[in-house]
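Residue numbers (the UniProt record's numbering), protein chains in the order written: chain B, 1 to 494; chain H, 1 to 494. Input: a single structure, listed below in structure tokens.
There are 2 protein chains.
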Amino acid sequence: MRYLILILFTYVKCDPDYFAKRNRIVESELRIALGGNMSLTSKENEVNNCLMRHKFDELDYAFNNPDNFGLSHHFFKYKDNIPKSKVYKIIKDMPKGAILHIHDMAIIGPDYLLNITYMDNLYVCLGKQISFLFSNKVPNTTCENRWELMSEVRRAAKNVTAFDAKIRKQFTLVVKNPDIVYPTIKETWTAFGNFFSTVHPLLTYRPIWEKYFYDALKAFRDDNVYYVEVRSILPNLYELDGTVFEKIVTAKAYKKAIHKFMRDYPDFVGAKLIFAPNRKVNRTILSEYIQTARQIKNSMPELFAGFDLVGQEDAGNPLIEFVPQLCAATNLNFFFHAGETNWFGTMTDENLVDAVLLGAKRIGHAYALAKHPVLLEMVKEKQIGLEVNVVSNSVLSLVRDVRNHPLNIFLSLNLPVVLSSDDPGAWEADPLSDDFYISFVGVASRLADLRVLKTLALNSLKYSALDPAAKTLAITHFHSKWNSFIENFDCRSY
Amino acid sequence: MRYLILILFTYVKCDPDYFAKRNRIVESELRIALGGNMSLTSKENEVNNCLMRHKFDELDYAFNNPDNFGLSHHFFKYKDNIPKSKVYKIIKDMPKGAILHIHDMAIIGPDYLLNITYMDNLYVCLGKQISFLFSNKVPNTTCENRWELMSEVRRAAKNVTAFDAKIRKQFTLVVKNPDIVYPTIKETWTAFGNFFSTVHPLLTYRPIWEKYFYDALKAFRDDNVYYVEVRSILPNLYELDGTVFEKIVTAKAYKKAIHKFMRDYPDFVGAKLIFAPNRKVNRTILSEYIQTARQIKNSMPELFAGFDLVGQEDAGNPLIEFVPQLCAATNLNFFFHAGETNWFGTMTDENLVDAVLLGAKRIGHAYALAKHPVLLEMVKEKQIGLEVNVVSNSVLSLVRDVRNHPLNIFLSLNLPVVLSSDDPGAWEADPLSDDFYISFVGVASRLADLRVLKTLALNSLKYSALDPAAKTLAITHFHSKWNSFIENFDCRSY
Numbered sequence: 001m002r003y004l005i006l007i008l009f010t011y012v013k014c015d016p017d018y019f020a021k022r023n024r025i026v027e028s029e030l031r032i033a034l035g036g037n038m039s040l041t042s043k044e045n046e047v048n049n050c051l052m053r054h055k056f057d058e059l060d061y062a063f064n065n066p067d068n069f070g071l072s073h074h075f076f077k078y079k080d081n082i083p084k085s086k087v088y089k090i091i092k093d094m095p096k097g098a099i100l101h102i103h104d105m106a107i108i109g110p111d112y113l114l115n116i117t118y119m120d121n122l123y124v125c126l127g128k129q130i131s132f133l134f135s136n137k138v139p140n141t142t143c144e145n146r147w148e149l150m151s152e153v154r155r156a157a158k159n160v161t162a163f164d165a166k167i168r169k170q171f172t173l174v175v176k177n178p179d180i181v182y183p184t185i186k187e188t189w190t191a192f193g194n195f196f197s198t199v200h201p202l203l204t205y206r207p208i209w210e211k212y213f214y215d216a217l218k219a220f221r222d223d224n225v226y227y228v229e230v231r232s233i234l235p236n237l238y239e240l241d242g243t244v245f246e247k248i249v250t251a252k253a254y255k256k257a258i259h260k261f262m263r264d265y266p267d268f269v270g271a272k273l274i275f276a277p278n279r280k281v282n283r284t285i286l287s288e289y290i291q292t293a294r295q296i297k298n299s300m301p302e303l304f305a306g307f308d309l310v311g312q313e314d315a316g317n318p319l320i321e322f323v324p325q326l327c328a329a330t331n332l333n334f335f336f337h338a339g340e341t342n343w344f345g346t347m348t349d350e351n352l353v354d355a356v357l358l359g360a361k362r363i364g365h366a367y368a369l370a371k372h373p374v375l376l377e378m379v380k381e382k383q384i385g386l387e388v389n390v391v392s393n394s395v396l397s398l399v400r401d402v403r404n405h406p407l408n409i410f411l412s413l414n415l416p417v418v419l420s421s422d423d424p425g426a427w428e429a430d431p432l433s434d435d436f437y438i439s440f441v442g443v444a445s446r447l448a449d450l451r452v453l454k455t456l457a458l459n460s461l462k463y464s465a466l467d468p469a470a471k472t473l474a475i476t477h478f479h480s481k482w483n484s485f486i487e488n489f490d491c492r493s494y
Numbered sequence: 001m002r003y004l005i006l007i008l009f010t011y012v013k014c015d016p017d018y019f020a021k022r023n024r025i026v027e028s029e030l031r032i033a034l035g036g037n038m039s040l041t042s043k044e045n046e047v048n049n050c051l052m053r054h055k056f057d058e059l060d061y062a063f064n065n066p067d068n069f070g071l072s073h074h075f076f077k078y079k080d081n082i083p084k085s086k087v088y089k090i091i092k093d094m095p096k097g098a099i100l101h102i103h104d105m106a107i108i109g110p111d112y113l114l115n116i117t118y119m120d121n122l123y124v125c126l127g128k129q130i131s132f133l134f135s136n137k138v139p140n141t142t143c144e145n146r147w148e149l150m151s152e153v154r155r156a157a158k159n160v161t162a163f164d165a166k167i168r169k170q171f172t173l174v175v176k177n178p179d180i181v182y183p184t185i186k187e188t189w190t191a192f193g194n195f196f197s198t199v200h201p202l203l204t205y206r207p208i209w210e211k212y213f214y215d216a217l218k219a220f221r222d223d224n225v226y227y228v229e230v231r232s233i234l235p236n237l238y239e240l241d242g243t244v245f246e247k248i249v250t251a252k253a254y255k256k257a258i259h260k261f262m263r264d265y266p267d268f269v270g271a272k273l274i275f276a277p278n279r280k281v282n283r284t285i286l287s288e289y290i291q292t293a294r295q296i297k298n299s300m301p302e303l304f305a306g307f308d309l310v311g312q313e314d315a316g317n318p319l320i321e322f323v324p325q326l327c328a329a330t331n332l333n334f335f336f337h338a339g340e341t342n343w344f345g346t347m348t349d350e351n352l353v354d355a356v357l358l359g360a361k362r363i364g365h366a367y368a369l370a371k372h373p374v375l376l377e378m379v380k381e382k383q384i385g386l387e388v389n390v391v392s393n394s395v396l397s398l399v400r401d402v403r404n405h406p407l408n409i410f411l412s413l414n415l416p417v418v419l420s421s422d423d424p425g426a427w428e429a430d431p432l433s434d435d436f437y438i439s440f441v442g443v444a445s446r447l448a449d450l451r452v453l454k455t456l457a458l459n460s461l462k463y464s465a466l467d468p469a470a471k472t473l474a475i476t477h478f479h480s481k482w483n484s485f486i487e488n489f490d491c492r493s494y
């Protein structure tokens, strides 16, 4: 009793509005944040209650047992545990809208690529790095060892399982001890570069390419993603006899695969291409790239979404090197990678300035944006979509503990964020669900709920390159998928 | 020639104001940022040129050789390389103003503590964890082994160097393989807790305590820091005969040490005490703490700066538990730890709300603040000092690569930041220079220059608890130290 009186006694000395003021602050931050203005139907609220119960369970356990919170470590350390999460299972089943930042050659994972090595006419060079090439005769390109028929090498292997495991390793960055293997961004990007070198000749064999992208679209649809904007360097496809095609042929192969896929799956909204060649080139080559982009835009306007430059941003040329040329090409629609860096105040960091000034419709990554208050306002005002790839940024050595990812700031300011997965095949992640899960549980506020997930899904359509009419249709389509997800939701099945 | 024409041809298609617009963005971000409004004298500009030449050398080398950029790793991995840096040497020589966030029992490093173990009347208990106690007879407190005189144990050791090395290890968190030893915040804080348990009975022996804080002030002055606000749990001091004193005695010992130090070093500005007991207590104990704070404030008003609560923030009680009591005690001046967490949207995270609403003069760490746009505005408006401890946050497992530390955002928005070092003795860092160096090179923009360093030093006085007249004097004193640093600066000596 004395204790109670003491509390009351001290309490009266408090500002009587203390808790009201406190609520106002907490609530206004939630209202400002992404999703904060959305209201949910009563059935959506039921789903949300189920979702949040599981989210709180996961996070509160982790808070009390931080040594059991995997998401503070490298993605490779916890990725295999994700499927156990109920929150993850709900997210997996949820329509997630579109995927807007994905690189074509790293969409599907290593098992798919291993299967390709079972195809006929594949030669292998078992050098320090393993190389492949489809050919109807022994390739005459350099091989530090000698070119052999893959089928024969495999047949000669003592243990095919072990042999295939070794081959599979070439198709993934995943390792058991990532902190040892990838101590800095240099080792990570070296491995990443090697991955692309190895995969390139497997996928660019023309018959495979056409099938591969169809299968990639299938993977997205299976993950409840219904529209895709794919970035491609437009690698030159080749035939068994050594014929090499121009980039326009690759673009046409895209068109063909997309058409076939949409015939087979009429509920799919579609796919578009962002031509995204390497940024580490001189101005002459860049001019050729811009020419190619124009050519594709003119001949396949419905396929062509826009233009970008790719590769490790710190190691490539900054945008400012190309400003005069890019100024002259703004009608191509820019979707530049910018700010995928930890180096504050460098030329790379300033790519964000040029991306904004060059009128980019969206920015790839924008990881460094939170340090740039002026640009941040411009991004918000101009509604430049930010394609955030949390898992990629973790795997590619920008951030380890995802709770430190600047997406949490982007969300708190309701910046025009879309979530994407960059190169999920290279790190054996889901097409999109892993990124949604990690962003929702590991990055966003504990209090972020279904409204955040739904807004992120809607953002992916809002900031897409679809023309206004198609965008409206796509959003209607999303709502129909979403409503059926909500209607059929049964908390007991998670 | 054709190439040039091509460039010119494309160039004319550019917005003629492109580069002017670009400069305006870059410059306005620099102007908005901390230090952006300061102008330098011509001699300061010379110093700045020297400083920035070395900074660019270091950063540009690291940018091109990211595998050689230590600051992306754990502090323990690179700390021994810091003294080689010329930027560091300049910073070391530079007056850095005041230190406002430091915990008394972890100011001086393990060698100092090892020396204490050579004193008479020290008993040791060589259990799983080593315990110490000064006493004039064998202690009767629990010991899982048996209490022995330290001098005898050392004499009996086969190899005194190895024995001392083992003892020294008890006084530091530094290990060769931090990523293995400290995989998560749990292991780090367990080790940190053990550190304090071990050190506590060594330092709280009354004669040592009085000398220790004097020596701590000496260490700050040697690092060009001239004013100190020290946080203390006010541990109960004891004598050889087992007498234990009340907390007020510890406070008096502070007063005595400070007076003696200022007599010996008349150029020192002074020191004040923030009473900061552990936050993991019930309301009754908290009331006692508040009483003690009042008692010290009344009896030694010139010593007492304010009140705080300490300990691992996630594991302790959130401020909201104590709001009624704290509301009634705002005249104590609050300097709360708040937002020293990675858990967005939790009760811990919301400590920031209560710290602001309870009228805290400064906030300790505020690590989570960047995710809170409303609070961020309030902090700026109310000019609540943010005591940022980058090395501490790295060692205590909030962030690994310091380039991801939110200080970069605080700097870009010119929030009321002061740099501090928290517990440098526990991780064998400088009193303050390491934190300044790492913040300047590893966190701030590459373009951040002497104006940032000078502003940070001035901020430490501006946001101190000195009364207005004393503050003015302290700032005048700083300018005099600063001017002599600038006048005597010789780039060739670095």
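Virtual Cβ for every residue (Gly too), placed ideally from N, Cα, C.
Contact check, residue i vs residue j, beta carbons under 8 Å
i, j, result
"residue 339/B", "residue 369/B", "yes"
"residue 83/H", "residue 485/H", "no"
"residue 413/B", "residue 448/B", "no"
8 Å Cβ cut-off: residues of chain H touching residue i
i, result
"residue 403/B", "342, 343 and 344"
"residue 400/B", "400 and 401"
"residue 350/B", "26"
Three-state secondary structure assigned by DSSP to residue i
i, result
"residue 182/H", "coil"
"residue 464/B", "coil"
"residue 114/H", "helix"
"residue 475/H", "helix"
"residue 278/H", "strand"
"residue 131/H", "strand"
"residue 160/H", "helix"
"residue 72/B", "helix"
"residue 202/B", "helix"
"residue 399/H", "coil"
Where the alpha helix (DSSP H) through residue i begins and ends
i, result
"residue 46/H", "42 to 64"
"residue 352/B", "351 to 357"
"residue 374/H", "373 to 382"
"residue 153/B", "150 to 156"
"residue 126/H", "It is not in any alpha helix (DSSP H) - residue 126/H instead sits in the beta strand (DSSP E) that spans 122 to 126."
Neighbouring residues, chain H, relative to residue i (Cβ below 9 Å)
i, result
"residue 412/B", "344, 370, 371, 372 and 373"
"residue 357/B", "15, 18, 21, 22 and 25"
Euclidean distance between Cα positions of residue i and residue j
i, j, result
"residue 120/B", "residue 134/B", "8 Å"
"residue 98/B", "residue 451/B", "17 Å"
"residue 304/B", "residue 334/B", "11 Å"
"residue 37/H", "residue 179/H", "40 Å"
"residue 21/B", "residue 103/H", "32 Å"
"residue 206/B", "residue 168/B", "22 Å"
"residue 376/H", "residue 117/H", "46 Å"
"residue 475/H", "residue 355/H", "27 Å"
"residue 480/B", "residue 458/B", "12 Å"
"residue 341/B", "residue 349/B", "7 Å"
Partner residues on chain B for residue i, Cβ-Cβ distance less than 8 Å
i, result
"residue 61/H", "Within 8 Å Cβ-Cβ: nothing; residue 61/H doesn't reach chain B, min ~12 Å."
Residue i: contacting residues in chain H (beta-carbon distance under 7 Å)
i, result
"residue 29/B", "372, 373 and 374"
Residues that residue i contacts on chain B, provided the C-beta gap is smaller than 9 Å
i, result
"residue 187/H", "67"
N-terminal and C-terminal residue of the beta strand (DSSP E) that residue i is part of
i, result
"residue 419/H", "417 to 419"
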